[in-house]
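For what it's worth, the working numbering labels the leading residue of the sequence shown as 1, then goes sequentially. Note that beta-carbon positions come from the ideal geometry of N, C-alpha and C, so glycine has one too. In what follows, a structure is listed as structure tokens, so that the remarks can point back to it.
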Amino acid sequence: MKPTAGIDASATLGELASERPARIRVFESVLLDYCCGGASSLDDACRERGLDLEAVRARLEAADRKPAPAAPAPERDWRSAGIEELCDHIVSAHHDYLREEMPRISELLATVVRVHGTDCIDFEIIQRAFASLRATLEEHIDDEERVLFPACVALERGDANVVLDRATVDRHRGEHEAVGGKLTALRALAGGYDRAEALCSTHGALLDALRVLEADLHRHIHEENNVLLPRVGALIEPLPEVARP
Ligand SMILES: [Fe+2]
Ligand SMILES: [Fe+2]
């Protein structure tokens, strides 16, 4: 029987994260993928990761009861925002952050490779994995700002000339999935970003930076996959029915 209150285990991770952004911290702490894997139900996702559903549900309910902190500002429920406002937020909060932070991480990696090489950790493999993630993201966010977001805003305004089809939306979802895969691989290569394993202060700063980058990308992709793209998808004209012979 469905509980009268509390977390519905059949709800998707994306729905749960959108309803109460404070739940995102719980998903992050147990490594439940609420952005690219946001279409999975809580029940299925816990089973796949070998997590105790009731324990995760209790933590989510505790997060719901906890009052939002006074500072920093509580995370916003973006479902109530207009598409243009949401796109502006994604650019200023996430894309600008990536453009500033990714070159800094590349520099930290270059220093760590120069100092530690491949002695006990193969930092060159980590450097290549990050370079691949960075290249994918730079192209992806550029494409969003030049093509996807302007089309989304035009669609919201009812511009009849806007060209945005479901294949484009699906391609963006596919690219998010590729980013999610690269993030998972990078975390594994970098020992789970465990600060206790840092070989020096630069390596420690690198691990901190990668951990923050991962968390920000999870929120970023969640806001696109679970809030923006479903709203845009609902505005795209359905394909005409093809008459069957
Ligand atoms: Fe984006
Ligand atoms: Fe994106």
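Between the CA atoms of residue j and residue i - distance to the nearest angstrom
i: Gly233; j: Cys200; result: 47 Å
i: Arg173; j: Val163; result: 18 Å
i: Ala215; j: Phe130; result: 15 Å
i: Thr111; j: Asp208; result: 15 Å
i: Leu155; j: His176; result: 22 Å
i: Leu228; j: Glu138; result: 20 Å
i: Thr118; j: Pro150; result: 45 Å
i: Leu213; j: Leu98; result: 8 Å
i: Val179; j: Val169; result: 16 Å
i: Arg65; j: Ile24; result: 14 Å
i: Ser80; j: His220; result: 17 Å
i: Arg157; j: Glu84; result: 9 Å
i: Gly181; j: Pro67; result: 34 Å
i: Ser132; j: Met102; result: 12 Å
Integer-rounded CB distance, given that residue j should sit under 8 Å from residue i
i: Arg134; j: Ser106; result: 7 Å
i: Cys87; j: Val147; result: About 12 Å separates the two Cβ atoms, so there is no contact after all.
i: Ala9; j: Asp43; result: 4 Å
i: Ile121; j: Arg57; result: Not really, about 37 Å apart at Cβ, beyond 8 Å.
i: Leu32; j: Arg49; result: 7 Å
Cβ pair residue i, residue j closer than 7 Å
i: Gly204; j: Ala196; result: no
i: Ala55; j: Thr12; result: no
i: Ala17; j: His222; result: yes
i: His89; j: Ile141; result: no
i: Tyr193; j: Arg166; result: no
i: Leu60; j: Val26; result: yes
i: Ile125; j: Ala190; result: no
i: Val30; j: Leu53; result: no
i: Asn225; j: Cys35; result: yes
i: Leu109; j: Thr202; result: no
Which residues DSSP lists as bridging residue i, in chain order
i: Ser41; result: Thr12
Coarse secondary structure for residue i, derived from DSSP in three states
i: Asn161; result: coil
i: Leu229; result: helix
i: Val30; result: coil
i: Glu75; result: coil
i: Cys200; result: coil
i: Cys120; result: coil
i: Pro21; result: coil
i: Ile236; result: coil
i: Leu86; result: helix
i: Asp216; result: helix
i: Pro103; result: helix
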